[in-house]
Amino acid sequence: MRNKDLKSLLGVFLLLPLFLLFSNGDDMVRRALSTGRPVIKTFYQKLDNEEEGAPLDDPILSLWREEWARIGFEPKIITLEDAKRHPYYEIMKGVVEKAFPGDEPAHIYNRYCFYRYLAMAATGGGWHSDYDAMPAYFPLEKAHALPNEGKFTSFEQFIPSLISASAEEWTFIALLMMDQLSKTKEEWPSDMFMLKDLTEIEGQTDIIVNLQKEENGKVMQPNAIMKEDGVFDCSKFLDTLVLHFSHSSMDDLFQSGLLPISGLEEEDIQDSFFRAAVTKKLMQKFRSECKWPMLIAEREKQKLTEKK
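All the letters of the sequence shown, read from the start, carry residue numbers -25 to -1, 1 to 283 under mature numbering (1 follows the signal peptide of the UniProt record, and there is no 0).
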């Protein structure tokens, strides 16, 4: 099914050899093998400067690197320059600029969201998380080999906060999304809604989506797992790989008065500095309240019991 769909969609573009994706000196995979640490990537590009890469001093990016390195990953930031190395970049550029024209920040941002799929393919594929997605309990042994034999796997339904896929699969989904942009009825055709569309088209593709979200999901948002007294409900973390500190979840915590830093205004939680500070406090709170090592041990004990 996947190969048939891919040939139909690519048409003459199949004449472009896919080995070009891996012939541009990318060494992320080689470095990961040499260090023994699995690689996690995130895409970041400044909205006001296409030529400038990811700023090393950006607070939320710095926290993202710190949190993933803490548990043994090799965090890597990919940018628009990586996407431009992909042989289908110019094709995608024409498609997404038609859907999101002009220089409005929201339109530029949404174009970048599509480009990250090509950037992931051009850098060898693998794991990608949003830069506001931090690891909860993510066993390294689960990260060395991609799940589902490298097929495109989204862990928060159609929200692309944590995805794993081979380079070929990142390209495959990028092409399907470009095709869907011309067919969708969504008023705001973001990459998230294109993924949603694709999961609802029977027979179109077998994208693997983890639908378990509300409790013990692979990706959880903090507002869904914090009790009214502001304490984390640790029972909901048993299978959680990642905590996703999305804009909407942070806003919900603010409205509920549950942010760990007092005196913030509503607009502050969208600022990178304050958002990083709040996220860091919440991660510290998670590790403290849920007794991180004990939680891991309890999870392993539960698995052994279930096997018996």
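Cβ coordinates follow ideal geometry from the N, Cα and C atoms, glycine included.
These numbers come from a predicted model, not from an experiment.
- Annotation for Pro164: Ala74, Leu156 place their beta carbon closer than 7 Å to its own, counting only its chain and skipping 5 residues before and after.
- DSSP assignment within the segment 142 to 167 yields the following whole alpha helix (DSSP H) runs of 4 residues or more, N-terminal first: 142 to 156.
- For a cut-off of 8 Å, the C-beta gap from Thr54 to Ala94 is around 7 Å, short enough to register as a contact.
- Counting every other CB atom within 10 Å of its CB across the protein chains shown gives His222 a total below 16, marking it as exposed.
- Comparing C-alpha distances from Ile35 to each of Phe249, Lys266, Cys265 shows the shortest one belongs to Phe249.
- For the pair Leu115 and Val194, the CB atoms are not nearer than the 7 Å cut-off.
- Minimum Cα-Cα distance from Leu218 among the listed residues Thr98, Tyr90, Tyr112 corresponds to Tyr112.
- A check of alpha carbon separations from Tyr64 across Ala251, Phe89, Ala44, Thr128 identifies Phe89 as the nearest.
- CA-to-CA, the gap between Ala97 and Leu38 works out to about 25 Å.
- Contact fails between the segment 196 to 205 and the segment 147 to 162, because fewer than three Cβ pairs, one in each stretch, are under 8 Å apart.
- Here Asn85 is buried, its C-beta having at least 16 other C-beta atoms within 10 Å.
- Under DSSP, His103 shares a beta bridge with Lys16, Ile138.
- A Cβ-Cβ distance of about 6 Å is found for the pair Glu42 and Met258, placing them in contact under the 8 Å criterion.
- Taking the Cβ atoms as the reference, Val253 lies roughly 6 Å from Leu234, within the contact range of under 8 Å.
- If you draw a 10 Å sphere on the C-beta of Gly192, you find 16 or more other C-beta atoms in it, and that means buried.
- Within the DSSP bridge table, the entry for Ile52 names Thr17 as partners.
- Under the three-state reduction of DSSP, Pro110 is assigned to strand.
- With 16 or more other CB atoms across the displayed protein chains lying within 10 angstroms of its CB, Pro50 is buried.
- For the set Lys126, Gly101, Pro110, the Cα lying nearest the Cα of His119 is the one of Gly101.
- Taking the C-beta atoms as reference points, Leu151 is found no nearer than 7 Å to Leu170.
- The beta-bridge partner set that DSSP reports for Phe207 consists of Met201.
- Straight through space, the alpha carbons of Lys256 and Arg262 are spaced by roughly 10 Å.
- The criterion of a C-beta distance shorter than 7 Å is not satisfied by Thr146 and Ser139.
- Only residues of its own chain outside the window of five on either side were considered, and among them Gln20 have a CB closer than 6 Å to the CB of Tyr87, listed in chain order.
- The continuous beta strand (DSSP E) containing His219 extends over residues 217 to 219.
- By a beta-carbon distance limit of 8 Å, Pro76 does not contact Leu22. Their separation comes to about 15 Å.
- Annotation: the continuous alpha helix (DSSP H) that includes Ile35 extends over 34 to 45.
- Of the other Cβ atoms in all chains shown, 16 or more fall within 10 Å of the Cβ of Gly99; this residue is therefore buried.
- One Cα belongs to Glu72, the other to His82, and the distance between them is close to 8 Å.
- In terms of Cβ geometry, Cys265 and Phe220 do not form a close pair [threshold 7 Å].
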